[in-house]
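Colleague:
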Amino acid sequence: MKKGFATVAQLNAFDEIIDARSPAEFAEDRIPGAISCPVLDNEQRAIVGTIYKQQSAFEARRIGAAMVAENIAHHLKTRFQDKPKSWRPLVYCWRGGQRSGSFVTWLRLIGWDACQLEGGYKNWRRMVVTELETLPKRFDLRVICGATGSGKTRILEALNALGAQVLDLEDLAAHKGSVLGALPDRPQPTQKSFETELFRTLHGFDPARPVYVEAESRKIGRIQLPDAMVEHMRASPCVAIDATRGARLEFLVRDYAYLGADVDELQQKIGFLKGLQSNETLERWKDLAARRELYTLFAEFIDLHYDPLYHRSQNRNFAGFSDAPTLPSDDLSPAGIRDLAERILTTHR
Numbered sequence: 078m079k080k081g082f083a084t085v086a087q088l089n090a091f092d093e094i095i096d097a098r099s100p101a102e103f104a105e106d107r108i109p110g111a112i113s114c115p116v117l118d119n120e121q122r123a124i125v126g127t128i129y130k131q132q133s134a135f136e137a138r139r140i141g142a143a144m145v146a147e148n149i150a151h152h153l154k155t156r157f158q159d160k161p162k163s164w165r166p167l168v169y170c171w172r173g174g175q176r177s178g179s180f181v182t183w184l185r186l187i188g189w190d191a192c193q194l195e196g197g198y199k200n201w202r203r204m205v206v207t208e209l210e211t212l213p214k215r216f217d218l219r220v221i222c223g224a225t226g227s228g229k230t231r232i233l234e235a236l237n238a239l240g241a242q243v244l245d246l247e248d249l250a251a252h253k254g255s256v257l258g259a260l261p262d263r264p265q266p267t268q269k270s271f272e273t274e275l276f277r278t279l280h281g282f283d284p285a286r287p288v289y290v291e292a293e294s295r296k297i298g299r300i301q302l303p304d305a306m307v308e309h310m311r312a313s314p315c316v317a318i319d320a321t322r323g324a325r326l327e328f329l330v331r332d333y334a335y336l337g338a339d340v341d342e343l344q345q346k347i348g349f350l351k352g353l354q355s356n357e358t359l360e361r362w363k364d365l366a367a368r369r370e371l372y373t374l375f376a377e378f379i380d381l382h383y384d385p386l387y388h389r390s391q392n393r394n395f396a397g398f399s400d401a402p403t404l405p406s407d408d409l410s411p412a413g414i415r416d417l418a419e420r421i422l423t424t425h426r
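All residue numbers for the sequence shown refer to the working numbering, where the first residue is 78 and numbers rise by one.
In structure tokens:
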């Protein structure tokens, strides 16, 4: 390896990881733990790109260099002026080219042992995609199944509190998975960012211990699960939560109570079911939403949408479902959820 360069395998050898790309690139995805110190902001990057295409590479570099020098000077004066001589940062850009190279040159001239990530973010992204083709299969997954409203995500949270290893895919995807599943206070991440977090989370698990995960379809909202993740989940042992309809209804009304605050959004989500339900049913549901009658609305969701969908898909998709131990419950309160988690750990270690 050339002096001043490092590979993705050496990330942990540095005191700080600096992302020199634009804020928009950083927002889409980044190496975990990296800080954003762009050498060109979003507007500047667009300007330089336009000059490159419409005028010449020389003119783009001439104008871009002045912008880069000014931005690096700003970072040196604000972010790094108190760093000791022993500080060792790693800098990356998209391909490990001029943006990170310029930054590293100045850092090394000052006297810091700065390095440039070989291949940049592109190499990191390639590694994540390649690893996710095999990484999920290294773990002993235990899949929590159950109809919508069975409290599966809350059960995962309780299992985590009891010390079990838990992979909460819906939390990583910031979505509950159903047509009503968008969260009120968290937008979904980008696909790349989700995959980076999945990669990071899986690497934090002990392969010698089971990992509990909720049964999911291939998509959670607009996030696509990696094929290897889906295939391994569907081939893994299951545990089935058999909660009563009444317990599920009470749970759904509590868990989705925030939907009553924005009638227009709730009606819009109901509209996404067009083609799956009759127009008459959808209009009735929109009317229930307008009157904030969530109890009646969710009761109809269970009977006409959630349960028929569950019974069509679960037996077919998960090979271990037919042999899964079944845990009945008529209580999905926090205490009832904890009891289910304890029973899972007792019967399904």
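Even glycine gets a Cβ: it sits at the ideal position worked out from N, Cα and C.
Taking the alpha-carbon of L336 as reference, which of A366, G281, L353, A86 has the nearest alpha-carbon?
Modeller: Residue nearest to L336 within the set A366, G281, L353, A86 is A366 (criterion: CA-CA distance).
Colleague: How many Å lie between S99 and S390 at the Cα?
Modeller: 43 Å
Colleague: Determine the direct distance from the alpha carbon of F82 to that of P115, and round the result to whole angstroms.
Modeller: C-alpha separation (whole angstroms): 19 Å.
Colleague: Flag this pair as touching only if the region 314-332 and the region 214-226 have three or more C-beta atom pairs under 8 Å; answer yes or no.
Modeller: In short, these stretches touch, since the Cβ pair count reaches three.
Colleague: Identify whether P115 lies in helix, strand or coil by the three-state DSSP scheme.
Modeller: coil
Colleague: What three-state label does DSSP hand V220 in the structure shown?
Modeller: strand
Colleague: For A241 versus R415, is the C-beta distance shorter than 7 Å?
Modeller: no
Colleague: Grab the span of the beta strand (DSSP E) containing D96 for me, first residue to last.
Modeller: 93-96 is the extent of the beta strand (DSSP E) around D96.
Colleague: DSSP three-state label for K296, please.
Modeller: strand
Colleague: Between R322, P109, E272, which has its C-alpha nearest E377's C-alpha?
Modeller: R322
Colleague: List the whole-angstrom C-beta distance separating W171 from Y129, where the pair is believed to meet the contact cut-off of C-beta under 8 Å.
Modeller: Not quite, the Cβ-Cβ distance comes to about 14 Å (not below 8 Å), so this is no contact.
Colleague: Give the secondary structure of G397 by DSSP, where H, G and I count as helix, E and B as strand, and everything else as coil.
Modeller: strand
Colleague: In chain order, what residues of the same chain lie with their CB nearer than 6 Å to the CB of P109, ignoring the 5 residues before and after it?
Modeller: R277
Colleague: Going by the CB atoms, is the gap between R295 and N394 shorter than 7 Å?
Modeller: In this structure, N394 keeps its C-beta atom at 7 Å or more from the C-beta atom of R295.
Colleague: With 16 as the cutoff for other CB atoms within 10 Å, does D248 come out buried or exposed?
Modeller: buried
Colleague: With respect to the alpha helix (DSSP H) encompassing P411, which residues constitute its N-terminal and C-terminal limits?
Modeller: 411-424
Colleague: Just to confirm my understanding: we take R215, look at its own chain, exclude 5 residues before and 5 after, and list those with CB closer than 7 Å. What are they?
Modeller: Taking R215 as the centre and dropping the five residues before and after it, the same chain places the C-beta of P284 closer than 7 Å to its C-beta, in chain order.
Colleague: If you follow the alpha helix (DSSP H) that T69 is part of, which residue opens it and which one closes it?
Modeller: No answer is possible for residue 69: it lies beyond the span of the chain, which begins at 78 and ends at 426.
Colleague: Locate the beta strand (DSSP E) running through P166, then write down its first and last residues.
Modeller: 166-169
Colleague: Exposed or buried, what is Q193 when buried is set at 16 or more other beta-carbons lying within 10 Å of its beta-carbon?
Modeller: buried
Colleague: Pull the bridge partners of Q193 from the DSSP assignment, please.
Modeller: F82, V168
Colleague: Hey, T403 and D319 are a contact pair by Cβ (cut 8 Å); roughly how many whole angstroms apart?
Modeller: 5 Å
Colleague: With a 10 Å radius around its C-beta and 16 neighbouring C-beta atoms as the bar for buried, classify D364 as buried or exposed.
Modeller: So D364 counts as exposed.
Colleague: Would K269 pass as a contact of E105 if the rule is Cβ separation under 7 Å?
Modeller: yes
Colleague: List the residues that DSSP assigns as beta-bridge partners of V290.
Modeller: In the DSSP output, where bridge partners are listed per residue, V290 has V220, L244.
Colleague: Can you check which of these residues, G141, A250, I379, A396, is closest to G226 by C-alpha distance?
Modeller: The closest CA to that of G226, considering only G141, A250, I379, A396, is found on I379.
Colleague: Looking at the secondary structure, which residues open and close the alpha helix (DSSP H) in which A235 lies?
Modeller: From DSSP, the alpha helix (DSSP H) with A235 extends over 229-238.
Colleague: Report the CB separation of D451 from R165 in whole angstroms; it is logged as a contact under 8 Å.
Modeller: Since the first residue shown for the chain is 78 and the last is 426, residue 451 is missing from the structure and cannot be characterised.
Colleague: Are the Cβ atoms of V243 and L233 separated by less than 7 Å?
Modeller: Yes, they are a contact pair.
Colleague: Given 8 Å as the limit, is there contact between the region 323-332 and the region 346-353, that is, 3 or more CB pairs closer than that?
Modeller: no
Colleague: Can you find the residues in the same chain that come closer than 7 Å, C-beta to C-beta, to E210, ignoring five residues on each side of it along the sequence?
Modeller: Counting only Cβ-Cβ distances below 7 Å, and skipping sequence neighbours, we find A305.
Colleague: Using a 10 Å radius around the Cβ and a threshold of 16 neighbouring Cβ atoms, would you call P287 buried or exposed?
Modeller: buried
Colleague: Classify S255 as buried or exposed, calling it buried when 16 or more other Cβ atoms lie within 10 Å of its own Cβ.
Modeller: buried
Colleague: By Cβ distance below 6 Å, which residues in the same chain neighbour H152 in space, the five residues on each side in sequence not counted?
Modeller: C114
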